[in-house]
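Colleague: Can you read through this structure? Questions will come right after.
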Amino acid sequence: MNSPKYLSVSIVNMYIHNVFVAEEMLHDIDVVGEVSGISVVRGHAYFTLKDKDAQIACNSFNCAKTYVPKNGELIIVRGSVSYYGKNGRLSLNADRITPYGAGLLAMQLEELKNKLLKEGLFAEEHKKRLPAYCRNVCVLTSTTGAVIRDIITTVRRYNEVIDINVYGVQVQGENSASSIVNALRVTDELGFDVIIIARGGGSREDLMPFNDEKLVRSIYAAKTPIISAVGHETDYTLCDLVADARAATPTAAAELIAYDTTAIREELSAFAARAKSLLTDKVSASARNLSTASRRMLAAASARNTASFAAFALSSEYMRGAAENLLRDKRVRYEKSLTSLGAANPVSILEKGFFTLTGEKGRIRNIAQLSVGDNITVNSGDGYAQATVNNVTVGEKR
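Written out as structure tokens, the structure reads:
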């Protein structure tokens with residue numbers, strides 16, 4: 074006979090528990106309902122969350138970290154469904170509790186924030202740098218509030234050069250977000266250095282227009298750098314997150330764009346004085362260096378001139394000696410030439426008793442040139458004589 078098949082209570086409850094653990098749809102869910110039978114024991118809150126058709130047990134462990142509701146209050150519980158196997162009890166373990174009105178609004182705002190965050194609208198790399206020295210600024214705010222007066226007063230404490238243009242918008246109420254979107258679309262095309270979106274403090278509901286998705290996307294798409302100056306220091310809106318800069322208050326926004334022209338003039342004057350001093354020092358140092366270089370060049374030139382003059386004198390002396398030797402040699406050769414010429418001079422030969430004969434055809438060098446009857450001239454050292462040839466004998470000597 075086969076043994077009966079059965080499961081223990083522990084196995085069944087463990088299986089049910091595991092089903093709830095594995096079911097993602099039952100994790101981190103928001104459940105709205107009315108509080109009933111709440112009690113706080115040793116820092117943990119236990120209550121029933123119900124509506125007209127059903128109810129579920131809720132646990133809020135370490136409830137001091139969240140909101141502790143009252144009986145009959147409508148709340149939103151964020152948590153996960155759990156099944157406790159030891160007593161077979163199903164419950165909703167609460168991680169966060171918020172009152173329904175504000176809670177629903179906060180939940181919707183958180184969802185929008187996360188959506189825009191994932192899209193990169195709050196990324197630092199997208200934010201534009203504010204100009205260091207603005208000249209033309211536009212403020213989108215109410216023209217009747219104290220905000221614009223605070224901004225103008227703050228800026229004028231520093232300088233008179235920034236042009237502050239006010240574009241009136243609705244900053245509270247049902248149509249305020251669209252009013253700011255339209256104004257931003259217009260002013261973004263006018264070439265302002267910076268646009269400030271500003272309003273004073275208010276309740277969370279008053280500031281909700283500055284969490285509007287269309288307005289956030291308009292700020293993200295703007296070409297002009299945007300400063301968000303909404304509410305007080307502790308107030309944060311989605312406009313603050315998407316803007317290129319966030320100011321805690323409108324006055325703080327004015328501090329961001331204002332610059333002290335008096336301090337700038339003083340700084341420029343100090344800079345000019347330092348530059349003048351540095352330039353004077355550099356000119357003086359250059360003059361000293363030039364004087365030193367001039368003295369060195371003069372000394373080097375003088376030494377070179379002295380060496381050149383010495384070399385020139387030595388060369389001159391050498392050339393003078395060479396010229397004298399050359400002249401002496403030429404003179405000796407000249408005298409020798411004169412002696413040689415004197416010895417070969419026909420006049421000298423004639424003075425020694427020799428004669429030369431010339432005829433009608435020129436000088437007569439041999440007897441064969443003569444004919445009987447030729448008229449000839451006889452030249453001697455002391456004169457000449459005319460003669461006529463009477464006899465010509467060739468080959469014989471007398």
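Residue numbers (this note's numbering): 74 to 471. C-beta atoms are modelled at their ideal positions from N, C-alpha and C, and glycine is treated no differently.
Starting from R290, trace the alpha helix (DSSP H) both ways and give me its first and last residue.
Modeller: E286 to A294
Colleague: Secondary structure at V150, three-state DSSP: helix, strand or coil?
Modeller: strand
Colleague: Could you pull out every unbroken beta strand (DSSP E) segment of at least 3 residues lying fully inside the region 104 to 185, listed in chain order?
Modeller: Runs of the beta strand (DSSP E) inside the region 104 to 185: 117 to 123, 128 to 133, 147 to 157 and 162 to 172.
Colleague: Since S301 sits in a beta bridge, which residues does DSSP pair it with?
Modeller: I270 and R319
Colleague: Under a three-way DSSP split, which group does T412 fall into?
Modeller: helix
Colleague: Candidates A327, E390 and I268: which alpha carbon is nearest V212's?
Modeller: I268
Colleague: Given 8 Å as the limit, is there contact between the region 309 to 324 and the region 187 to 204, that is, 3 or more CB pairs closer than that?
Modeller: yes
Colleague: Answer with buried or exposed for L288, where buried requires no fewer than 16 other C-beta atoms within 10 angstroms of its C-beta.
Modeller: buried
Colleague: With C-beta atoms as the reference, is S215 less than 8 Å away from A167?
Modeller: no
Colleague: Given S252, which residues of its chain have a CB within under 6 Å of its CB, disregarding the five upstream and five downstream residues?
Modeller: V242 and Q243
Colleague: I need the DSSP call for Q243, collapsed to helix, strand or coil.
Modeller: coil
Colleague: In chain order, which continuous runs of the beta strand (DSSP E) of length 3 or greater are located wholly inside the region 342 to 375?
Modeller: none
Colleague: What does a CB cutoff of less than 8 Å around S444 pick up in its chain, not counting 5 residues either side in sequence?
Modeller: V462 and V465
Colleague: Less than 8 Å between the CB atoms is what I'm expecting for A325 and A302, so what's the real figure, rounded?
Modeller: 7 Å
Colleague: Rounded to whole angstroms, what is the Cα-Cα separation between E146 and N238?
Modeller: 49 Å
Colleague: Quick one: any contact between the region 84 to 99 and the region 114 to 122, if contact means 3 or more CB pairs under 8 Å?
Modeller: no
Colleague: Work out the CA separation of R230 and N209 for me, nearest whole Å.
Modeller: 17 Å
Colleague: Please classify V467 as buried or exposed, where buried requires at least 16 neighbouring CB atoms within 10 angstroms.
Modeller: Burial state of V467 is exposed, judged by a 10 Å Cβ sphere holding fewer than 16 other Cβ atoms.
Colleague: Please look up how many angstroms separate the CB atoms of I170 and Y140, rounded, as I've assumed it's under 8 Å.
Modeller: 5 Å
Colleague: What did DSSP end up calling C312 once you bin it into helix, strand or coil?
Modeller: Taken through DSSP and simplified to helix, strand or coil, C312 comes out as helix.
Colleague: Given this structure, state the Cα-to-Cα distance separating I270 from L341, to the nearest angstrom.
Modeller: 33 Å
Colleague: Quick check: the Cα distance between T310 and T217, rounded to an integer number of angstroms?
Modeller: 23 Å
Colleague: Under three-state DSSP, which class holds A219?
Modeller: coil
Colleague: Does G456 pass the burial test, meaning 16 or more other C-beta atoms within 10 Å, or should it be called exposed?
Modeller: exposed
Colleague: Distance, Cα to Cα, N160 vs A179?
Modeller: 36 Å
Colleague: Taking the C-alpha atoms as reference points, what is the distance between A348 and I337?
Modeller: 16 Å
Colleague: Measure from the alpha carbon of Y240 to the alpha carbon of each residue in I89, G273, V150 and L263, then state which is nearest.
Modeller: Checking every option, the nearest Cα to that of Y240 belongs to L263.
Colleague: Under a Cβ-count criterion, where at least 16 other Cβ atoms within 10 Å of its own Cβ denotes burial, should V220 be classed as buried or exposed?
Modeller: buried
Colleague: So, for E107: in the same chain, excluding its five sequence neighbours on each side, which residues have a beta-carbon less than 6 Å away from its beta-carbon?
Modeller: K123 and L147
Colleague: Looking at T412 and T431, is the spacing between their C-beta atoms short of 8 Å?
Modeller: no
Colleague: Identify the continuous alpha helix (DSSP H) that holds Y88 and give its terminal residues.
Modeller: V82 to A95
Colleague: Give the secondary structure of L430 by DSSP, where H, G and I count as helix, E and B as strand, and everything else as coil.
Modeller: strand
Colleague: Any idea what DSSP makes of G275, helix, strand or coil?
Modeller: coil
Colleague: Taking Cβ to Cβ, would you say G274 is nearer than 8 Å to G304?
Modeller: yes
Colleague: Could you please give the first and the last residue of the uninterrupted beta strand (DSSP E) stretch that includes A460?
Modeller: G456 to T461
Colleague: If we ignore side chains and look at the alpha-carbon of each, how far apart do A345 and K355 end up?
Modeller: 15 Å
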